[in-house]
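**Student:**
Protein chains: 2
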Amino acid sequence: MNDTHKMNDLKTVGEFGLIDMISRQVQADSSVCVGIGDDCAATTMPSGHVLLTTKDLLIEDVHFRRCWTSLYQLGRKSAAVNLSDIAAMGGSAHHLFLGVALPEDMALADIEQFTQGFLDEIAAAGATLCGGDTCRSTGSLIVSVTVQGSIAADQVVQRSGAQVGDHIYVSGTLGDSALALAQLQRGIIPDDYLAQRHHTPTPRLQLGQQLAERKLAKAMIDVSDGLCADLGHILEKSHCGALIDRRKIPLSVVTQQHLRQHPEDEELVLRGGEDYELLFCVSPQHGNAVADLAQQLELSLTDIGTIQDFAGGLQQLDSNGQRCTIHTQGFNHFG
Amino acid sequence: MNDTHKMNDLKTVGEFGLIDMISRQVQADSSVCVGIGDDCAATTMPSGHVLLTTKDLLIEDVHFRRCWTSLYQLGRKSAAVNLSDIAAMGGSAHHLFLGVALPEDMALADIEQFTQGFLDEIAAAGATLCGGDTCRSTGSLIVSVTVQGSIAADQVVQRSGAQVGDHIYVSGTLGDSALALAQLQRGIIPDDYLAQRHHTPTPRLQLGQQLAERKLAKAMIDVSDGLCADLGHILEKSHCGALIDRRKIPLSVVTQQHLRQHPEDEELVLRGGEDYELLFCVSPQHGNAVADLAQQLELSLTDIGTIQDFAGGLQQLDSNGQRCTIHTQGFNHFG
Chain A
-15 MNDTHKMNDL
-5 KTVGEFGLID
5 MISRQVQADS
15 SVCVGIGDDC
25 AATTMPSGHV
35 LLTTKDLLIE
45 DVHFRRCWTS
55 LYQLGRKSAA
65 VNLSDIAAMG
75 GSAHHLFLGV
85 ALPEDMALAD
95 IEQFTQGFLD
105 EIAAAGATLC
115 GGDTCRSTGS
125 LIVSVTVQGS
135 IAADQVVQRS
145 GAQVGDHIYV
155 SGTLGDSALA
165 LAQLQRGIIP
175 DDYLAQRHHT
185 PTPRLQLGQQ
195 LAERKLAKAM
205 IDVSDGLCAD
215 LGHILEKSHC
225 GALIDRRKIP
235 LSVVTQQHLR
245 QHPEDEELVL
255 RGGEDYELLF
265 CVSPQHGNAV
275 ADLAQQLELS
285 LTDIGTIQDF
295 AGGLQQLDSN
305 GQRCTIHTQG
315 FNHFG
Chain B
-15 MNDTHKMNDL
-5 KTVGEFGLID
5 MISRQVQADS
15 SVCVGIGDDC
25 AATTMPSGHV
35 LLTTKDLLIE
45 DVHFRRCWTS
55 LYQLGRKSAA
65 VNLSDIAAMG
75 GSAHHLFLGV
85 ALPEDMALAD
95 IEQFTQGFLD
105 EIAAAGATLC
115 GGDTCRSTGS
125 LIVSVTVQGS
135 IAADQVVQRS
145 GAQVGDHIYV
155 SGTLGDSALA
165 LAQLQRGIIP
175 DDYLAQRHHT
185 PTPRLQLGQQ
195 LAERKLAKAM
205 IDVSDGLCAD
215 LGHILEKSHC
225 GALIDRRKIP
235 LSVVTQQHLR
245 QHPEDEELVL
255 RGGEDYELLF
265 CVSPQHGNAV
275 ADLAQQLELS
285 LTDIGTIQDF
295 AGGLQQLDSN
305 GQRCTIHTQG
315 FNHFG
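These protein sequence lines are chains A and B, in that order. For what it's worth, our numbering labels the leading residue of the first sequence as -15, then goes sequentially. For what it's worth, our numbering labels the leading residue of the second sequence as -15, then goes sequentially.
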């Protein structure tokens, strides 16, 4: 707690007071030569590594609703969804940049909560906030995050490396986040487990790094747009098809129970986004190595199907074991 | 011109069609190992260099109005204001990341114009678009740009290096952009020169690089918030004061003429932002070296004052040669 709490609105502290407030929440990092408070940040990165960069916008009433999330959760999620992209390349996260456009009536305490959530999430990943931009918004809250990470140049895992015969794995469980969102949209408050899965997803950084280091993953993506859409991206880049077994897709107990009562929500498993689990393709001879890694990380890694010829497109064995073609389309911002 | 022109709205091409369209406008770059179309970009950077990163948001009706600018100009400016931050550290720009939140009714042709402006501006800087994010906006057009550049580790120019006795220089002319904006706000159409200064500012990359390489600039910043505010940032970080001579501040012929007729606009010179000229501090013995550089770059570099003791704050000799203290406050987003 500091002086700025006495001044509880943005107009009183001003843009530079706000930047000072955020700076004081940030911890030191020896790889940051110049941090917050200059025209650019200046940073170093591990030698022999390539730089990984990703950026995502989160816009109020497009990506989130302030009435459904705490600002602390939103801060964590804003970082997590970006860190997840670093995980999907097999990399480690180092430096983050945060841009926020703030409605003028936003309380400083809310901004501090948002920042604290953001910083807690990146601290868990061993990363540091190094800069960004603050400005006012005429309407909604806008968050723009850039993450820089790195990986040994020969370990980068792209979407394009899948080959016919590879097994397709997914970490954790799918559909939880989409179910929580569907409930919120229906006016139902999700239980704690589903809410946590939706509001504070876990970027699978350790898993991604291990899959890259051990050269187990030949192609990888994080499940942000939904299983079909994201597997579709791998298939498109790898020029392959796939056969997935609907009955093998890992579901949480909560989601299983829900689907027994509401079979009409089955599609959430295939098409629901924002689980931020890793979806990756592995040569068949490495099945045991994946099982070992799952045990070591205490995280389920489930074989849900195989990579096939391009011509077949994406097919599934449905809940009755019937083979059928499914389209890959998932969330599309302009659809 | 390509197929997508037949489909002239965002809904028809969709998010991934839009990303494809942008990708096709981008040129190849050997430092980009993985470009647009994966979870992250993977890039290399020159050895012995530190990584410079900056990011800025540009929000409709906060930073720009679509009725005052073409989308092509807006694309150029979105890149230029970010490149200017790399210039202010003395660096070279390499890789850019572009996030856009688009109103759903925005025409594809407008988006293509915006992208072309952005790409033309970064091509002039020798830099490449490597990734980003596209999503819909519920209201205004939102642009988020991240630039990565680099500089030899021992050449980084921060805001904190100014010392008593240093001369304060500024490139080009000041006040033009602010005058254009003031005219637009008053319903007057600025002449071509002023409009160009406001809508398509020139990031002073070559100047910044030369000042860093020749170790001439001890402290540097780009003039984005106004001379007083940005000099104020140098003084704060360097724990110094300054005396500037109002009569020496370089003005364009157009701005000089305007001020003769409208002396009430004098403040625009001290407080008007967005000129994106470089403001830098140089040891007194290096005056000739700066003059040589100005000649070589064919860009005016004007000595407007000196760094003083901290106690005096920021003072000016006004147009009558009278010494007075001025406050450093410039543009403040929440002021």
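Note that CB positions come from ideal geometry on N, CA and C, so glycine has one too.
Is the CB-CB distance between A/V18 and B/Q9 below 7 Å?
**Tutor:** On the first sequence, position 34 is the one that residue 18 of chain A refers to. On the second sequence, position 25 is the one that residue 9 of chain B refers to. Taking 7 Å as the Cβ cut-off, A/V18 and B/Q9 do not qualify as a contacting pair.
**Student:** Any Cβ of chain B within less than 7 Å of the Cβ of A/C395?
**Tutor:** Residue 395 of chain A is absent from the model: chain A starts at -15 and stops at 319.
**Student:** Quick check on DSSP: helix, strand or coil for A/A72?
**Tutor:** Within the first sequence, numbered from 1, the residue matching residue 72 of chain A stands at position 88. Of the three classes helix, strand and coil, the one that applies to A/A72 here is coil, per DSSP.
**Student:** Chain A partners of B/D23, CB-CB under 7 Å?
**Tutor:** Numbered from its first residue, the second sequence carries residue 23 of chain B at position 39. Under the 7 Å cutoff, chain A gives T38, D69, A72, M73, I205, D206.
**Student:** Keeping to the same chain, check which residues put their C-beta closer than 6 Å to that of A/L254; ignore five residues upstream and five downstream.
**Tutor:** Numbered from its first residue, the first sequence carries residue 254 of chain A at position 270. Cβ contact annotation for A/L254 (same chain, cutoff 6 Å, sequence separation greater than five): L211, C212, in chain order.
**Student:** Roughly how many whole angstroms lie between the Cα atoms of A/E282 and A/G156?
**Tutor:** If you number the first sequence from 1, residue 282 of chain A lands on position 298. If you number the first sequence from 1, residue 156 of chain A lands on position 172. Each residue's alpha carbon lies about 10 Å from the other.
**Student:** On the three-pair Cβ rule with 8 Å, is the segment 258 to 267 of chain A touching the segment 147 to 156 of chain A?
**Tutor:** Contact holds: three or more Cβ-Cβ distances are below 8 Å.
**Student:** Determine the direct distance from the alpha carbon of A/C119 to that of A/D370, and round the result to whole angstroms.
**Tutor:** Here chain A covers residues -15 to 319 and nothing more, so residue 370 of chain A does not appear.
**Student:** Verify the CB distance criterion: does A/H(-11) have a CB-CB separation below 7 Å to chain B?
**Tutor:** Here residue -11 of chain A is taken as the residue at index 5 of the first sequence, counted from 1. Since pLDDT at A/H(-11) reaches only 44, below the 50 mark, its modelled position is unreliable, and the value read off the structure follows with that caveat. So no, A/H(-11) is outside the interface.
**Student:** Tell me, please, whether the CB atom of B/Q142 is closer than 7 Å to any CB atom in chain A?
**Tutor:** Translated into the one-based positions of the second sequence, residue 142 of chain B becomes position 158. Yes, B/Q142 lies at the interface with chain A (some Cβ there is under 7 Å from its Cβ).
**Student:** Would you kindly report the start and end of the unbroken beta strand (DSSP E) that includes B/S161?
**Tutor:** To locate residue 161 of chain B, count along the second sequence from 1; it is residue 177. B/S161: not part of any beta strand (DSSP E); member of the alpha helix (DSSP H) spanning 160 to 169, first to last residue.
**Student:** Is A/K232 near A/I172, with beta carbons less than 7 Å apart?
**Tutor:** The residue given as residue 232 of chain A occupies position 248 in the first sequence. The residue given as residue 172 of chain A occupies position 188 in the first sequence. Contact: no.
**Student:** Under the three-state reduction of DSSP, which class applies to A/Y153: helix, strand or coil?
**Tutor:** As a working note, residue 153 of chain A is residue 169 in the first sequence. Reduced to three states, the DSSP call for A/Y153 is strand.
**Student:** Listed from N- to C-terminal order along the chain, which residues in the segment 104 to 128 of chain B have their beta-carbon within a distance smaller than 9 Å of any beta-carbon of chain A?
**Tutor:** So the close ones are C114, G115, G116, D117, T118, C119, R120, S121, T122, G123, S124, I126, S128.
**Student:** Taking B/L285 as the reference, which of B/Q245, B/A226, B/Q306, B/L195 has the closest Cα?
**Tutor:** The residue given as residue 285 of chain B occupies position 301 in the second sequence. Ranking B/Q245, B/A226, B/Q306, B/L195 by Cα distance to B/L285 puts B/L195 first.
**Student:** Per DSSP, what kind of secondary structure is B/G296 in: helix, strand or coil?
**Tutor:** As a first step, residue 296 of chain B must be located in the second sequence, where it is residue number 312. In the structure shown, B/G296 sits in a helix (DSSP, three-state: H, G or I).
**Student:** Consult DSSP for B/P87 and reduce its assignment to one of helix, strand or coil.
**Tutor:** Counting from one through the second sequence, the residue named residue 87 of chain B turns up at place 103. Strand.
**Student:** Looking at the C-beta of B/F102, does it have a partner C-beta in chain A at a distance below 7 Å?
**Tutor:** Locating residue 102 of chain B in the second sequence gives position 118, where the first residue counts as 1. Answer no: the Cβ-Cβ gap between B/F102 and chain A never drops below 7 Å.
**Student:** By DSSP, does B/I(-7) sit in helix, in strand, or in coil?
**Tutor:** As a working note, residue -7 of chain B is residue 9 in the second sequence. Per the sequence shown, residue -7 of chain B should be read as Asp rather than Ile. Strand, per DSSP.
**Student:** May I have the straight-line CA-CA distance separating A/D160 from B/A166, to the nearest angstrom?
**Tutor:** Your numbering for residue 160 of chain A matches position 176 in the first sequence. Your numbering for residue 166 of chain B matches position 182 in the second sequence. Looking at the two C-alpha atoms, the distance is approximately 52 Å.
**Student:** Put B/D(-13) into one of helix, strand or coil per three-state DSSP.
**Tutor:** As a first step, residue -13 of chain B is located in the second sequence; it is residue number 3 there, counting from the start. Model confidence at B/D(-13) stands at a pLDDT of 42, short of 50, so the residue's coordinates are unreliable; what they give is reported in the following sentence. Helix at B/D(-13).
**Student:** Mapping DSSP to helix, strand and coil, what is A/K39?
**Tutor:** For the purposes of this step, residue 39 of chain A is taken as residue 55 along the first sequence, with counting starting at 1. Reduced to three states, the DSSP call for A/K39 is strand.
**Student:** State the beta-bridge partners of B/E44 as determined by DSSP.
**Tutor:** By one-based count along the second sequence, residue 44 of chain B stands at place 60. According to DSSP, which records beta bridges pairwise, B/E44 is partnered with B/F48.
**Student:** Could you confirm whether any beta carbon from chain B is found closer than 7 Å to the beta carbon of A/D45?
**Tutor:** The residue given as residue 45 of chain A occupies position 61 in the first sequence. So yes, A/D45 belongs to the interface.
**Student:** Is A/M73 near B/D23, with beta carbons less than 7 Å apart?
**Tutor:** As a working note, residue 73 of chain A is residue 89 in the first sequence. As a working note, residue 23 of chain B is residue 39 in the second sequence. Cβ atoms of A/M73 and B/D23: closer than 7 Å.
**Student:** How should B/G216 be labelled, buried or exposed, when 16 other C-beta atoms within 10 angstroms of its C-beta is the threshold for buried?
**Tutor:** Sequence index remark: in the second sequence, residue 216 of chain B carries index 232 (1-based). With 16 or more Cβ atoms within 10 Å of its Cβ, B/G216 is classed as buried.
**Student:** Can you tell me which of A/G257, A/H79, A/P30, A/H246 puts its alpha carbon nearest to the alpha carbon of A/Q313?
**Tutor:** What you label residue 313 of chain A is simply residue 329 of the first sequence in a count that begins at 1. Nearest neighbour of A/Q313 by Cα position, chosen from A/G257, A/H79, A/P30, A/H246, turns out to be A/G257.
**Student:** Please confirm if A/T130 has its CB atom under 7 Å from at least one CB of chain B.
**Tutor:** On the first sequence, position 146 is the one that residue 130 of chain A refers to. Put simply, the CB of A/T130 is near chain B, with a gap under 7 Å to one of its CB atoms.
**Student:** Return the Cβ separation of A/P187 and A/A64 in integer angstroms, given the expectation that the two are a contact with Cβ distance under 8 Å.
**Tutor:** One-based indexing of the first sequence puts residue 187 of chain A at position 203. One-based indexing of the first sequence puts residue 64 of chain A at position 80. Yes, A/P187 and A/A64 are in contact; Cβ-Cβ is about 5 Å, under 8 Å.
**Student:** Measure the alpha-carbon distance for A/Q300 versus A/G225 and round it to whole angstroms.
**Tutor:** Numbered from 1 along the first sequence, position 316 holds the residue referred to as residue 300 of chain A. Numbered from 1 along the first sequence, position 241 holds the residue referred to as residue 225 of chain A. In a straight line, the C-alpha of A/Q300 is about 11 Å away from that of A/G225.
**Student:** Quick one: give me the first and last residue of the alpha helix (DSSP H) that B/S222 is part of.
**Tutor:** Here residue 222 of chain B is taken as the residue at index 238 of the second sequence, counted from 1. From DSSP, the alpha helix (DSSP H) with B/S222 extends over 211 to 222.
**Student:** Going along chain A, which residues have a C-beta under 7 Å from B/V266?
**Tutor:** On the second sequence, position 282 is the one that residue 266 of chain B refers to. Here the premise fails: no neighbours, minimum Cβ distance about 18 Å.
**Student:** Please identify the residue among B/D175, B/S222, B/Q240 whose C-alpha is closest to the C-alpha of B/A295.
**Tutor:** Residue numbering aside, residue 295 of chain B sits at position 311 when the second sequence is read from its first letter. That would be B/S222, whose Cα lies nearest to the Cα of B/A295.
**Student:** A/A25 and A/A77 - do their beta-carbons sit closer together than 7 Å?
**Tutor:** Position 93 of the first sequence holds residue 77 of chain A. Position 41 of the first sequence holds residue 25 of chain A. Their beta carbons are not under 7 Å apart, which means A/A77 does not touch A/A25 by this criterion.
**Student:** What residues are listed by DSSP as bridge partners for B/L113?
**Tutor:** For this step, residue 113 of chain B is matched to residue 129 along the second sequence. For B/L113, which the question treats as bridged, DSSP gives the partners B/L80.
**Student:** By a C-beta neighbour count over all protein chains shown, 10 Å radius and 16 as the cutoff for buried, is A/V34 buried or exposed?
**Tutor:** Working through the first sequence from its first residue, we reach residue 34 of chain A at position 50. Per the 10 Å Cβ criterion, buried.
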